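Working notes for the structure below.
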């Protein structure tokens, strides 16, 4: 299974409800630049999922336009254990995934699945195979 983890782009300053924070203009511009290299890839055997947080959905919308692939919103990408993540992905019935999520979840999932400790900055793309 291949998983492409993408952290949402740069978002607005703190709000009372973190779920409602939107991407900034700078965040949108940087995402478009970061995603350019993905345009030519074949994602036909990938399922594309996003957290339900607004900043993640906006990130998914930008990527969706670039790679011409529909995405699905999944609440569990707002933060679950690695074991729960794998269980949820098995239920999605796909070989490979693109997942838009958040920190510290992405770095924890990558570490627990690969043993690699990574810095996961906003808008970055991390691909693993398990």
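Numbering (my numbering), first residue to last: 1 to 130. Positions of the beta carbon are idealized from the N, C-alpha and C atoms, including for glycine. Given the structure is predicted, the values throughout are model-derived calculations rather than measurements.
Can you give me the Cβ contacts of residue i inside the same chain, cut-off strictly under 6 Å, excluding the 5 residues immediately before and after it?
i           : result
residue 6   : 100 and 125
residue 63  : 35
residue 43  : 67 and 69
residue 73  : 50 and 52
residue 127 : 4
Taking C-beta to C-beta, are residue i and residue j nearer than 8 Å?
i          : j          : result
residue 82 : residue 23 : no
Just tell me which of the options has its CA closest to the CA of residue i.
i           : options             : result
residue 97  : 12, 49 and 109      : 49
residue 15  : 75, 55, 114 and 89  : 55
residue 104 : 91, 114, 118 and 93 : 118
What residues in its chain sit with their C-beta under 8 Å from that of residue i, if we drop five residues either side in the sequence?
i          : result
residue 18 : 53
residue 39 : 66 and 67
Quick one: residues in its chain with C-beta nearer than 7 Å to the C-beta of residue i, no 5 flanking neighbours on either side, listed in chain order?
i          : result
residue 95 : 1 and 45
Contact the region 29-39 vs the region 112-129: 3+ CB pairs below 8 Å: yes
Pick out the complete beta strand (DSSP E) segments inside the region 27-84, 3 residues or longer, and give them in chain order. 46-50
4-residue-minimum alpha helix (DSSP H) runs that sit fully inside the region 80-128, ordered along the chain: 82-91 and 105-114
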